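Trainee: I'd like to ask some things about the structure below.
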Amino acid sequence: MTVRRILVQPVVLAALGVVVIVLVLTAVDDFRSVQLTQMAYLGIAAGGLTVLTGLNGQISLGHGALMAVGAYTTALLLQDDEPMLPLLGVLVVATVVTLVVGAAIGVAAARLHGPYLAGATLALAVAVPGIALYFGDTLGGEQGLRVRVPDAPGWVLDAAYFVTGQDLTPSKYVAFLGWGTLVVAYLGLAHLSRGRVGRRWRAVRDDEVAAEVAGISLGRARVSAFVVSAAAAGAAGFVMALSVRLAAPSGYSLTLSLTLLTAVVLGGLGSLTGALLGAALLTFLPQVVTDAGVSAGLDDIRAAELAPLIYGLVLVAVILLAPAGLSAVSAPRGTGRAGPPRRENPHEHSAQAAAQEVGRHDRRPHLVGPGRRLRRRRPQ
Amino acid sequence: MQQFVNTVLGGLTIGMVYAAFALALVLIWRSTRIVNFAQAPMAMVTTFIALQIIEAGHSYWLAFAAALVAGLVLGAVVERVLIRPVEGKAEINAVILTLGLFIVLHALASVVFGNRYRSFPAAFGIRGLEVGDTTIALTGFDIFTILAVLAVMGLLVLLFRFTDLGLRMRAAAFNQEVARLLGVRVGRMLTLGWALASLVGSLAGLLIAGGSLVHPGYMDAVVVYGFVAAVLGGLDSPAGAVVGGLLLGLSLSLVSGYVGSQLVALAALAILMAVLLLRPQGLFSQARERRV
């Protein structure tokens, strides 16, 4: 194994990441650490979504709703001053609850594709906030549930002082928790997507028939991708609840789901690095753009809408100009579909290229060609 | 009993609007195999255009017509500029593209028209009809809503059944290659299809807005309901979309009246999942099998 290959091993990257995270979180002030926590939870959820959409080809507009499941579970467990579970336990419960919900949705979603799946998960994103309103007595209704973040245990404070040489503020504690969750989640996602499971997901995405012939159960592959992705969203909801200290329906609107989609498309579908990049952009861009808008003479509320405007424009531009996402722009090998450009099977690649070639002459009269049939597998 | 009658009447009225919206989705699906998730914000933008015209002191009907024309133009422009490049590509591209457009129009409307709730006038009275000494919750505007949607449906049937243009549009939607060989300008037909669909969507937007409040997100849930209605009818069948819209309006109205209005979207989700898993070809589709 060459040095270079060793360096790109997820474990090595994660170890380097931990060092960078500790250095950065030590250096920044409380305000920045809150922002970095936001980046962490968006990154965790986007990481889960990019695995689902990029590697398995399933789109989900409902990941905001899944985050809400994780966040509300966290909030319900952290109602009292003396929580019944340690925070790590809360994280596990929030992840497992979301995982179970995700499994139920995944079983239904595995039978859908493309626009049908998009529509169904869109309905999920719109429907879930209503549940919190309907069960207002337990779930707090419009106001939401307050989250009591327990103080950091003594040994954590001591360890933090020992490593960083400064006292651990509550918001930095949450930031460390968030980034710790992110590192673990990304390690898990990277491990899964590089191994046998990930190969199955990609096989199902690229060619259902070939995958089935090779003995892969389509349903099982799809449900497992959804379950893993949902678990990541649940963990993200946990971090978000701790950071915002509130679980309220307005935080988990359709906008959040669409924002997550923006992050993964922006960074290039299927790439964890891309998802983290997208999360960074979603965290830091709004402030810059809003300030620019205010100085250009817009009032605060209107200026705040400039950031989503840019997300939307970028989303449209990426699909039209660089379907493989921004992280692939430097080495464009796009195949015309919004997925990672790498194909492991050369025949597959040439078939895709042929399909695209036909697509270029789409406006001319064209009889049946080999790519044509491949491209147009639409319902009767 | 009176509550039941009112709930049913309200459901049928809103069902007509969902039917119109579903019809817009079906028109686009038939011609380009794309579900236009940006349909709701497109309708929202045209409704805001109408509101600007009304607030500038012009008549309601001028604003109504202007919004419909704006919808027509917007649909054509969107198809020609944004959708054309992704037609026939991987279906996920079109889905993400229309969602991008969704976000853009949403944000643009908030920047241009502001984010607050504004009241939209209704053309007719918004008081219920009085039958004897009981008031039925069927307002003048409700009757107008039903008639307007019926008129648009009638016009679409006339267009597609009895005109040369309609025949060409159907040919382009049915089989692009053969239509092209027979001399149909398929590209233009697709643009026209999107334009018409967007017009129908705008009408739905105006009808929902009438007599209530509008803000940039007021149509967001409707795109879900329209989609559910369209899937209920098979996504391929205009008649199915209408029946699906009415059925959905009725069921959601009953849920809202007897269970709780917060659960309406959840009920829509349940109906959608039930249809997709139990009868994926929809209730009224002629096609034998549909890959969902």
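Line order of the protein sequences matches chains A and B.
First residue of the first sequence? That's 51 in the numbering used here, and the numbers climb one at a time after it.
First residue of the second sequence? That's 342 in the numbering used here, and the numbers climb one at a time after it.
Quick reminder that beta carbons are idealized off the backbone N, C-alpha and C, glycines included.
For clarity, every value in this text was computed on a predicted model and none was experimentally measured.
(1) Thinking just about the alpha-carbon of each residue, which of G152(A), V273(A), L127(A), L371(A) is nearest to the one in A283(A)?
(2) Consider the Cβ of P165(A): report whether some Cβ of chain B lies at a distance smaller than 8 Å.
(3) Take A177(A) as the anchor and find which of S293(A), A115(A), G67(A), V74(A) has the nearest alpha-carbon.
(4) What is the DSSP secondary structure of T219(A), counted as helix, strand or coil?
(5) Would you decide whether G386(A) is buried or exposed? Buried here means 16 or more other CB atoms lie within 10 Å of its CB.
(6) If S321(A) and G104(A) are in contact, beta carbons under 8 Å, what's the gap, nearest whole angstrom?
(7) Within a Cβ cutoff of 6 Å, which residues of the same chain sit near L128(A), ignoring the five residues on either side of it in sequence?
(8) Mind reading off the beta-carbon distance from S543(B) to L409(B)? Whole number of angstroms is fine, and I expect it under 8 Å.
(9) Just to make sure I have the definition right: I need the residues of chain B whose C-beta is within less than 9 Å of the C-beta of G180(A). Which are they?
(10) If you measure from the beta carbon of L573(B) to each beta carbon in chain A, is any gap under 8 Å?
(11) G269(A) lies in the alpha helix (DSSP H); which residues open and close that run?
(12) Identify every residue that forms a DSSP beta bridge with L195(A).
(13) Excluding the 5 residues preceding and the 5 following L500(B) in the sequence, name in chain order all residues of the same chain whose CB lies nearer than 6 Å to its CB.
(14) Could you check what DSSP says for L479(B) in three-state terms: helix, strand or coil?
(15) Between V233(A) and chain B, is any beta-carbon pair separated by less than 8 Å?
(16) Just the Cα atoms here: how many angstroms apart are A609(B) and L496(B)?
(17) One question on the structure: do A478(B) and L350(B) come within less than 8 Å of each other, judged by their Cβ atoms?
(18) Between the region 405–434 of chain B and chain A, which residues of the former have a C-beta closer than 8 Å to a C-beta of the latter?
(19) Applying a beta-carbon distance threshold of less than 8 Å, which residues of chain A neighbour G455(B)?
(20) When you compare only the Cα positions, how much space is there between G389(A) and F461(B)?
(21) Where does N106(A) land, buried or exposed, given buried means 16+ other C-beta within 10 angstroms?
(22) What's the gap between the Cα of L292(A) and the Cα of T76(A)?
(23) Looking at the secondary structure, which residues open and close the alpha helix (DSSP H) in which P336(A) lies?
(24) Quick one: residues in its chain with C-beta nearer than 8 Å to the C-beta of S372(B), no 5 flanking neighbours on either side, listed in chain order?
(25) L613(B) touches chain A at which residues, Cβ-Cβ below 8 Å?
(26) Shorter than 8 Å from the beta carbon of E355(A) to some beta carbon of chain B?
(27) Counting only Cβ-Cβ distances shorter than 8 Å, please list the residues of the region 87–120 of chain A near chain B, keeping chain order.
(28) Ignore the nearest five residues each way along the sequence and tell me which others in L308(A)'s own chain have a CB closer than 6 Å to its CB.
(29) Can you give the Cα-Cα distance for T171(A) and A330(A), rounded to whole angstroms?
(30) Would you say V366(A) reaches chain B, if we count a Cβ-Cβ gap shorter than 8 Å as a contact?
(31) Compare the beta carbon distance of G455(A) and A357(A) with 8 Å and say whether it is the shorter of the two.
(32) With distance defined between alpha-carbon atoms, name the residue in V569(B), S597(B), Y599(B), G575(B) nearest to Y359(B).
Mentor: With the structure as the only source:
(1) Counting from 1 along the first sequence, the entry for residue 283(A) is found at position 233. If you compare the alpha carbons of G152(A), V273(A), L127(A), L371(A) with that of A283(A), the shortest gap goes to G152(A).
(2) Along the first sequence, one-based indexing puts residue 165(A) at 115. Yes, because at least one Cβ of chain B sits closer than 8 Å to the Cβ of P165(A).
(3) Position 127 of the first sequence, counted from the start, is the residue given in the question as residue 177(A). Per the Cα distances, A115(A).
(4) By one-based count along the first sequence, residue 219(A) stands at place 169. The three-state secondary structure of T219(A), taken from DSSP, is coil.
(5) Taking the first sequence and counting its residues from 1, the one referred to as residue 386(A) is at position 336. With a pLDDT of only 40 at G386(A), under 50, the local geometry of the prediction cannot be trusted, and no value is derived from it.
(6) Along the first sequence, read from residue 1 onward, the residue named residue 321(A) stands at position 271. Along the first sequence, read from residue 1 onward, the residue named residue 104(A) stands at position 54. That pair is a contact at about 7 Å.
(7) Here the question's residue 128(A) lines up with position 78 in the first sequence. Around L128(A): V197, R198.
(8) Looking up residue 543(B) in the second sequence gives position 202. Looking up residue 409(B) in the second sequence gives position 68. Indeed, because the Cβ distance is near 6 Å, the residues count as touching under 8 Å.
(9) To locate residue 180(A), count along the first sequence from 1; it is residue 130. Ordered by position in chain B, the residues that pass the 9 Å Cβ test against G180(A) are G601, S602, Q603, L604, V605, A606, L607.
(10) As a working mapping, residue 573(B) is identified with position 232 in the second sequence. Chain A contact via Cβ: absent.
(11) Taking the first sequence and counting its residues from 1, the one referred to as residue 269(A) is at position 219. Segment 268–294, the alpha helix (DSSP H) holding G269(A).
(12) Sequence index remark: in the first sequence, residue 195(A) carries index 145 (1-based). Answer is A297(A).
(13) Within the second sequence, numbered from 1, the residue matching residue 500(B) stands at position 159. Around L500(B): G507.
(14) In the second sequence, counting from the first residue as 1, residue 479(B) sits at position 138. L479(B) falls in the strand class under three-state DSSP.
(15) Residue mapping note: residue 233(A) aligns to position 183 of the first sequence, counting from 1. No, V233(A) lies away from the interface with chain B (no Cβ there is under 8 Å from its Cβ).
(16) Position 268 of the second sequence, counted from the start, is the residue given in the question as residue 609(B). Position 155 of the second sequence, counted from the start, is the residue given in the question as residue 496(B). A609(B) and L496(B) have their C-alpha atoms some 29 Å from each other.
(17) The count along the second sequence starts at 1 and reaches residue 478(B) at position 137. The count along the second sequence starts at 1 and reaches residue 350(B) at position 9. Taking 8 Å as the cut-off, the Cβ atoms of A478(B) and L350(B) count as close.
(18) So the close ones are L423, P426, V427, E428, G429, K430, A431, E432, I433, N434.
(19) The residue given as residue 455(B) occupies position 114 in the second sequence. Those are I351, R352, listed as they occur along chain A.
(20) Counting from one through the first sequence, the residue named residue 389(A) turns up at place 339. Counting from one through the second sequence, the residue named residue 461(B) turns up at place 120. Confidence at G389(A) is low in this model, with a pLDDT of 43, below 50, so the placement of that residue is unreliable and no value is reported for it.
(21) Numbered from its first residue, the first sequence carries residue 106(A) at position 56. When all chains shown are included, N106(A) counts as buried.
(22) By one-based count along the first sequence, residue 292(A) stands at place 242. By one-based count along the first sequence, residue 76(A) stands at place 26. Answer to the nearest angstrom: the Cα atoms are 19 Å apart.
(23) Locating residue 336(A) in the first sequence gives position 286, where the first residue counts as 1. Start and end: 322–345.
(24) If you number the second sequence from 1, residue 372(B) lands on position 31. Closer than 8 Å at the Cβ level, and outside the excluded window around S372(B), lie M510, A513, A514, M530, L531, G534, W535.
(25) One-based indexing of the second sequence puts residue 613(B) at position 272. Around L613(B), the beta-carbon contacts reaching into chain A at under 8 Å are G169, A170, A173.
(26) Looking up residue 355(A) in the first sequence gives position 305. It does: the Cβ of E355(A) has a partner Cβ on chain B nearer than 8 Å.
(27) The region 87–120 of chain A vs chain B, Cβ under 8 Å: T103, G107, I109, L111.
(28) The residue you call residue 308(A) lines up with position 258 of the first sequence. Closer than 6 Å at Cβ, skipping near neighbours: no residue.
(29) Locating residue 171(A) in the first sequence gives position 121, where the first residue counts as 1. Locating residue 330(A) in the first sequence gives position 280, where the first residue counts as 1. T171(A) and A330(A) have their C-alpha atoms some 25 Å from each other.
(30) Here residue 366(A) refers to the residue found at position 316 of the first sequence. Interface annotation, V366(A): in contact with chain B, CB-CB separation under 8 Å.
(31) Nothing about residue 455(A) can be read from this structure; chain A reaches only from 51 to 430.
(32) Along the second sequence, one-based indexing puts residue 359(B) at 18. Checked all of V569(B), S597(B), Y599(B), G575(B); the closest Cα to Y359(B) is V569(B).
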